[in-house]
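Asks: I have a structure here, written as structure tokens, and I will follow up with some questions on it.
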């Protein structure tokens, strides 16, 4: 059973802790690429975070730091993603655009599913930096898909057209109010976080999903009844640092009492960050060559100049 640090047990309503005691959590950036037709910040690249996910992490008293892409046409100085990974206690991989099918060796089946190749390279480099530093990684929606791809898995480019008997996993009009059920796998850490809750209800805002699971990972929850992976975690047998992810958005709070409580997931991740602060578990690049993802990102952005 995970033992939470004292400051986490106290909850958000506790008295403020001294700054050094608070965890510093990185949050990967979303991209809005340079657009000459945009009236504000014309032709400038924007990097940003969605408010709900930052507030979710902060709700347990942790500090949130966006991890900007350090390379690009305006890059200056020598700061790298490795510096962020060394300084921060863990990272959350943000939701957002589709993963480019070329990132897992496929040709896009539809122009609408091209995704964002530059963001893929940036996210791969973020995962690489934090994995090499031995810091915990938690993925949300796209974050789960990117983690799966980074470690050798593949995706359905579109669940409804590629997975027979699939549920509707995304409803554009309902958006974060669209829900479905998931079955939690017995004996997993998620089952321990939610005892007595074998089937739960979560939001569903995605059309891509895991097709082939990455080696070294376990599935902790499946969508019901169509059996698409909805939560993954690195296998304990791997003996390395914490990596876990959910296909749903735990940060999107709802007045619907039937939806799964996000708190145990957040506290599980932050407890791992607290433990890694004292004893990190350095790993290697998921691309097997040290800093390879960071070099690929730099080359891609240099070619865009």
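In our numbering, the protein residues as written are 1 to 305.
Just so it is clear, CB atoms sit at the ideal spot from N, CA and C, and this is done for glycine as well.
Computed from a predicted structure; not experimentally measured.
(1) What residue range does the alpha helix (DSSP H) around residue 264 cover?
(2) On a Cα-Cα basis, can you pick out the residue from 89, 80, 36, 45 that is closest to residue 62?
(3) Where does the unbroken beta strand (DSSP E) through residue 130 begin, and where does it stop?
(4) Out of curiosity, what's the CA-to-CA distance linking residue 203 and residue 101?
(5) Touching or not, the region 206-224 and the region 261-271, by the rule of three or more beta carbon pairs under 8 Å?
(6) Which term fits residue 172, buried or exposed, when burial requires 16 or more other beta carbons within 10 angstroms of its beta carbon?
(7) With distances taken between CB atoms, is the gap from residue 126 to residue 155 smaller than 8 Å?
(8) What does DSSP give as the partner residue(s) for residue 219 in the beta ladder?
(9) For residue 274 and residue 23, what's the separation of their Cα atoms in angstroms?
(10) Would you grab the beta carbon distance between residue 76 and residue 97 for me? Rounded to a whole angstrom, and I think it's under 8 Å.
(11) With residue 106 as the anchor, note down where its alpha helix (DSSP H) starts and where it stops.
(12) Measure the alpha-carbon distance for residue 35 versus residue 44 and round it to whole angstroms.
(13) Candidates 105, 226, 147: which alpha carbon is nearest residue 307's?
(14) Quick one: what does DSSP say residue 295 is sitting in, helix, strand or coil?
(15) Take the Cβ of residue 177 as the centre, count every other Cβ of all protein chains shown within 10 Å, and call the residue buried at 16 or more, exposed below.
(16) For residue 160, count neighbouring Cβ atoms within 10 angstroms of its own Cβ and tell me buried if that reaches 16, exposed if not.
(17) Assuming residue 138 contacts residue 227 (C-beta within less than 8 Å), just tell me the rounded distance between them.
(18) Which of helix, strand or coil does DSSP assign to residue 147?
(19) Please classify residue 283 as buried or exposed, where buried requires at least 16 other C-beta atoms within 10 Å of its C-beta.
(20) Excluding sequence positions up to five away, which residues of its chain have a Cβ less than 8 Å from the Cβ of residue 65?
(21) Alpha carbon to alpha carbon, what distance is there between residue 277 and residue 229?
(22) Taking C-alpha atoms, which residue in 144, 129, 163, 107 lies nearest to residue 247?
(23) Determine the closest residue to residue 42 out of 32, 21, 50, 51, with distance taken between C-alpha atoms.
Replies: Considering the structure as presented:
(1) 263-278
(2) 89
(3) Not the beta strand (DSSP E): residue 130 falls in the alpha helix (DSSP H), residues 117-133.
(4) 24 Å
(5) no
(6) exposed
(7) no
(8) 232
(9) 7 Å
(10) About 26 Å separates the two Cβ atoms, so there is no contact after all.
(11) Run containing residue 106: none; DSSP gives neither H nor E here.
(12) 7 Å
(13) Residue 307 lies beyond the range of the chain shown here (1 to 305); nothing can be said about it.
(14) helix
(15) exposed
(16) exposed
(17) Going by Cβ atoms, the distance from residue 138 to residue 227 rounds to 23 Å, so no, they are not a contact pair.
(18) helix
(19) buried
(20) 24, 25, 26, 27, 84, 88
(21) 30 Å
(22) 144
(23) 32
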